[in-house]
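From first to last, the protein sequence lines stand for chains F, V, X and Z. Residue numbering for the first sequence follows numbering that gives the first Met the number 0, starting at 0 and increasing by one per position. Residue numbering for the second sequence follows numbering that gives the first Met the number 0, starting at 0 and increasing by one per position. Residue numbering for the third sequence follows numbering that gives the first Met the number 0, starting at 0 and increasing by one per position. Residue numbering for the fourth sequence follows numbering that gives the first Met the number 0, starting at 0 and increasing by one per position. Just so you know, even glycine gets a beta-carbon here, dropped at the ideal spot from N, CA and C. A short worksheet on the structure shown next.
4 protein chains.
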Amino acid sequence: MSIAHKNKSDVILYAALKQFSENGFHSSPVSQLATRSGVAVGSIYRYFDDKEALIHAVFSMVDDTLQKTITESADPTLSGRDEFIQLVTSLTEYLNKHPQEFKFLEQYYSSPYGSDKKHAKFLSDDSVDLSNPFVNLFSGKTKGMLKDLPLSLYLAMTFGPIIFLLRDSLSGLVTLDDCLIQQTAEACWNAIKA
Amino acid sequence: MSIAHKNKSDVILYAALKQFSENGFHSSPVSQLATRSGVAVGSIYRYFDDKEALIHAVFSMVDDTLQKTITESADPTLSGRDEFIQLVTSLTEYLNKHPQEFKFLEQYYSSPYGSDKKHAKFLSDDSVDLSNPFVNLFSGKTKGMLKDLPLSLYLAMTFGPIIFLLRDSLSGLVTLDDCLIQQTAEACWNAIKA
Amino acid sequence: MSIAHKNKSDVILYAALKQFSENGFHSSPVSQLATRSGVAVGSIYRYFDDKEALIHAVFSMVDDTLQKTITESADPTLSGRDEFIQLVTSLTEYLNKHPQEFKFLEQYYSSPYGSDKKHAKFLSDDSVDLSNPFVNLFSGKTKGMLKDLPLSLYLAMTFGPIIFLLRDSLSGLVTLDDCLIQQTAEACWNAIKA
Amino acid sequence: MSIAHKNKSDVILYAALKQFSENGFHSSPVSQLATRSGVAVGSIYRYFDDKEALIHAVFSMVDDTLQKTITESADPTLSGRDEFIQLVTSLTEYLNKHPQEFKFLEQYYSSPYGSDKKHAKFLSDDSVDLSNPFVNLFSGKTKGMLKDLPLSLYLAMTFGPIIFLLRDSLSGLVTLDDCLIQQTAEACWNAIKA
DNA sequence: GATGAATGAGACTTCATTCAT
DNA sequence: AATGAATGAAGTCTCATTCAT
Numbered sequence: 000m001s002i003a004h005k006n007k008s009d010v011i012l013y014a015a016l017k018q019f020s021e022n023g024f025h026s027s028p029v030s031q032l033a034t035r036s037g038v039a040v041g042s043i044y045r046y047f048d049d050k051e052a053l054i055h056a057v058f059s060m061v062d063d064t065l066q067k068t069i070t071e072s073a074d075p076t077l078s079g080r081d082e083f084i085q086l087v088t089s090l091t092e093y094l095n096k097h098p099q100e101f102k103f104l105e106q107y108y109s110s111p112y113g114s115d116k117k118h119a120k121f122l123s124d125d126s127v128d129l130s131n132p133f134v135n136l137f138s139g140k141t142k143g144m145l146k147d148l149p150l151s152l153y154l155a156m157t158f159g160p161i162i163f164l165l166r167d168s169l170s171g172l173v174t175l176d177d178c179l180i181q182q183t184a185e186a187c188w189n190a191i192k193a
Numbered sequence: 000m001s002i003a004h005k006n007k008s009d010v011i012l013y014a015a016l017k018q019f020s021e022n023g024f025h026s027s028p029v030s031q032l033a034t035r036s037g038v039a040v041g042s043i044y045r046y047f048d049d050k051e052a053l054i055h056a057v058f059s060m061v062d063d064t065l066q067k068t069i070t071e072s073a074d075p076t077l078s079g080r081d082e083f084i085q086l087v088t089s090l091t092e093y094l095n096k097h098p099q100e101f102k103f104l105e106q107y108y109s110s111p112y113g114s115d116k117k118h119a120k121f122l123s124d125d126s127v128d129l130s131n132p133f134v135n136l137f138s139g140k141t142k143g144m145l146k147d148l149p150l151s152l153y154l155a156m157t158f159g160p161i162i163f164l165l166r167d168s169l170s171g172l173v174t175l176d177d178c179l180i181q182q183t184a185e186a187c188w189n190a191i192k193a
Numbered sequence: 000m001s002i003a004h005k006n007k008s009d010v011i012l013y014a015a016l017k018q019f020s021e022n023g024f025h026s027s028p029v030s031q032l033a034t035r036s037g038v039a040v041g042s043i044y045r046y047f048d049d050k051e052a053l054i055h056a057v058f059s060m061v062d063d064t065l066q067k068t069i070t071e072s073a074d075p076t077l078s079g080r081d082e083f084i085q086l087v088t089s090l091t092e093y094l095n096k097h098p099q100e101f102k103f104l105e106q107y108y109s110s111p112y113g114s115d116k117k118h119a120k121f122l123s124d125d126s127v128d129l130s131n132p133f134v135n136l137f138s139g140k141t142k143g144m145l146k147d148l149p150l151s152l153y154l155a156m157t158f159g160p161i162i163f164l165l166r167d168s169l170s171g172l173v174t175l176d177d178c179l180i181q182q183t184a185e186a187c188w189n190a191i192k193a
Numbered sequence: 000m001s002i003a004h005k006n007k008s009d010v011i012l013y014a015a016l017k018q019f020s021e022n023g024f025h026s027s028p029v030s031q032l033a034t035r036s037g038v039a040v041g042s043i044y045r046y047f048d049d050k051e052a053l054i055h056a057v058f059s060m061v062d063d064t065l066q067k068t069i070t071e072s073a074d075p076t077l078s079g080r081d082e083f084i085q086l087v088t089s090l091t092e093y094l095n096k097h098p099q100e101f102k103f104l105e106q107y108y109s110s111p112y113g114s115d116k117k118h119a120k121f122l123s124d125d126s127v128d129l130s131n132p133f134v135n136l137f138s139g140k141t142k143g144m145l146k147d148l149p150l151s152l153y154l155a156m157t158f159g160p161i162i163f164l165l166r167d168s169l170s171g172l173v174t175l176d177d178c179l180i181q182q183t184a185e186a187c188w189n190a191i192k193a
């Protein structure tokens, strides 16, 4: 099915993701979103209550895909260490290959729009959410393999470096290749392993 | 020297820092900056070319102070490990006690305004800048004490977790006390030590 | 004949009367009229040229019914005074029991839409229209019973108080019961009787 | 003092009164109000929070002047009947000479904006407001001179006919000259006198 | 005949910037 | 130097109307 036959609301969502990640929310007038979507301004308001609703909808789309990606990469047959490395690697690779999604998420979480959600499930400290593969991992299989630290620190030592490197990668300061990703994942593990 | 006698441009800068960190660039009309500064709108334009110039000036002010703070906390008499711990601790404590500055920097770097500067000196990968105490440390005293990794990864393993925790702290998800800061600094070291 | 089998254009007219009287012309988007009518937006445009035509059509419907009601209540066997009282009472009771119609008329006449028609037949000074029972009454049977005043003043002393009270009734400032209606009709008569 | 030197907010208020009375609230875009005021759109928002606030401000201006006019025309030395005639005459003459004010008030009270105030003091049933010369009159001097009717009916018999005639006058259906005004005032009195 | 998605003109409002005082 | 009233471009959103299905 060609893009021309896609759901119009999906067309708008993708165009908005592009526009937002390139220009930011405030430099993305609805008129421009409309142009990029190939629809009229009014049509956007048929699918989304207002600009804010559109932003949240883009977030949901991005977040859902990210979650599915990571969840699918979790391999319970691996050792605790190897599953950790695997998860970190998958997450980093995905975001590195999807810079628009990464930029959007960064912007969303640091904006008033995302302050509710605080952190996305995969980037967050929502410690009760066992559906998060990372939280699940830290709460289960790795017991005894890790230093005794608060969950929030496990998460900070995992996501913090990744996010930092992804930013540098976007800025062109760093080339985030497989080797560097591997090194990063191992360093993260070393930071928290017993 | 009381605030009343300060340079008028400094008064504006401080008021702008407050306003920007609390409300964001786009919810900070110049008229409001003027009110909070206790000056007229027109006066802001005497000291700064336009709103964007003011934003960059606030950044310079914040960045300068941050640099000075960290540079002053560097203690060459300590061992490589201890100096690292010391630097990380100082930086984290400073930003934790100055949430306005942290919020401003976060916002600045994720905005079009800060995309030029890429990363502030202390949060960055500007690898040639030996005046940055971290770069200086990784390039000198710690030689041989660390795994052989790219500088950018050293920096990512240092700043990434801090920034992540500071965000969580601001969101109220985590209490960033001395103990957690100490644990974090040590974990960072473990991540990169040989 | 149930409402479901009514003429589609009548269904639209009734829904529009409701909507207009409750929300006013400008807070009644055609889409909402469609929803309340249970028809599609496009269908409204099959029966009415545009929104303005619909408004005029609602007026005609309301005005026709009102005329018929009053005309039917005229009783030529009564004395001039009693027929006057009877007409005033009927008109007031009808409008008091049909607040939607009254609200609509008020709105219509005070809007650009109704400025053409000036005044509805029953509320007007259309002095040549003998089909209007009031005009008919003032021009015939009551000759000699009334002070010598212009017809427009007869009409003003008749309809003015009624309209005023109906407004107050709608506002909840007054309870327009049978007693008050009777008192009003008599006061109107006293105002103009010889 | 020429109009050019008037308070700018007054200039806007007068232009708005004109525009609203001629075209109605909904056919008076702020851009047109600005043009007629000879100011930029933005300037209107310096003086009034939004269009609604402007509408209310126009009402206050009109209502204040009307109140003052009527209050000043009250003559306590006259008999109850003569003071009543005097008040009715003054009110009618004032509104007849100020059709813009009359149109505005009609529109205001029949709009959502004026539904709070229900009725203006001089056109209303606010029965406790003795500062209203009419209410004051009906509650005092005329005791015993009037039929025993509810205050709301006194008011309806007073204002109803006037408003009706003023509408007809605006429509050109009637010429509201001194003679007709006098006849009306007397008919009103006859309607309620004992 | 009926439908309702699509359109885009136009309304309201904000706010960076200017400039006469 | 300081002031703040004035400006108008630009943004968000609504809704009457059209037209392909």
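In DSSP terms, what residue i is bridged to
i      : result
Z/K17  : None; Z/K17 has no bridge partner.
X/L145 : X/K192
Chain V residues whose Cβ lies nearer than 7 Å to that of residue i
i      : result
F/Q182 : L148 and L152
F/I191 : A186
Cut-off 7 Å between Cβ atoms - residues of its own chain near residue i, not counting five sequence neighbours on either side
i     : result
Z/D39 : The sequence given here has Ala at residue 39 of chain Z, not Asp. Cβ neighbours of Z/A39 beyond the five flanking positions: A33.
X/A15 : L32, L53 and V57
Cross-chain neighbours of residue i in chain F, by beta carbon under 8 Å
i      : result
V/E23  : Residue identity check: residue 23 of chain V is Gly in the sequence provided, not Glu. Within chain F, the residues near V/G23 are S110 and P111.
V/F163 : L154, A155, F158, G159 and I162
Best match in the options for proximity to residue i [C-alpha to C-alpha]
i      : options                           : result
F/L152 : V/A14, V/F163, V/F101 and V/S130  : V/F163
F/E100 : F/T64, F/D176 and F/S89           : F/T64
F/L154 : F/S59, F/G143 and F/V87           : F/V87
Z/F58  : Z/N131, Z/K142 and Z/G113         : Z/G113
Z/R35  : Z/V10, Z/D49 and Z/F47            : Z/V10
X/L148 : Z/R45, Z/T91 and Z/I180           : Z/I180
F/R45  : F/N6, F/H25 and F/Q182            : F/N6
Z/K140 : Z/I191, Z/G171, Z/R80 and Z/Q182  : Z/R80
Z/L94  : Z/V173, Z/N189 and Z/R166         : Z/R166
X/A186 : Z/A184, Z/S8, Z/C178 and Z/M156   : Z/M156
Z/K50  : Z/L77, Z/F158, Z/S30 and Z/C178   : Z/S30
Z/Q66  : Z/S78, Z/K96, Z/P111 and Z/F133   : Z/F133
Z/M60  : Z/S42, Z/S8, Z/F158 and Z/D177    : Z/S8
X/G37  : X/A190, X/H25 and X/L12           : X/L12
X/L145 : Z/Y108, Z/C178, Z/A190 and Z/K142 : Z/A190
V/K17  : V/L169, V/G41, V/P98 and V/S109   : V/P98
Sequence-distant residues of its chain with Cβ nearer than 8 Å to residue i (five each side left out)
i     : result
Z/S89 : T68, I69 and S72
X/E82 : A73, D74, P75, L136 and K140
V/G23 : Q106
Chain-ordered neighbours of residue i on chain Z, where CB pairs are closer than 7 Å
i      : result
X/Q106 : S109
X/L32  : Here the premise fails: no neighbours, minimum Cβ distance about 17 Å.
Close-in-space but distant-in-sequence residues of the same chain around residue i (CB under 6 Å, 5 per side omitted)
i      : result
V/F19  : S27 and F103
Z/T91  : I161 and I180
V/D177 : none
Contacts that residue i makes with chain V (C-beta to C-beta distance below 9 Å)
i     : result
F/S26 : P111
Neighbouring residues, chain F, relative to residue i (Cβ below 9 Å)
i     : result
V/L90 : Simply none; closest approach about 14 Å.
Amino acids of chain F, ordered along the chain, whose beta-carbon sits closer than 7 Å to that of residue i
i     : result
V/L94 : Per Cβ cutoff of 7 Å: no residues; V/L94 is ~14 Å from chain F at best.
Chain-ordered neighbours of residue i on chain X, where CB pairs are closer than 7 Å
i     : result
Z/L16 : In chain order: nothing, as chain X lies at least about 16 Å away.
If contact means a Cβ-Cβ distance below 9 Å, which residues of the region 48–61 of chain X contact chain Z? Against chain Z - using a Cβ distance shorter than 9 Å - the region 48–61 of chain X contributes no residues.
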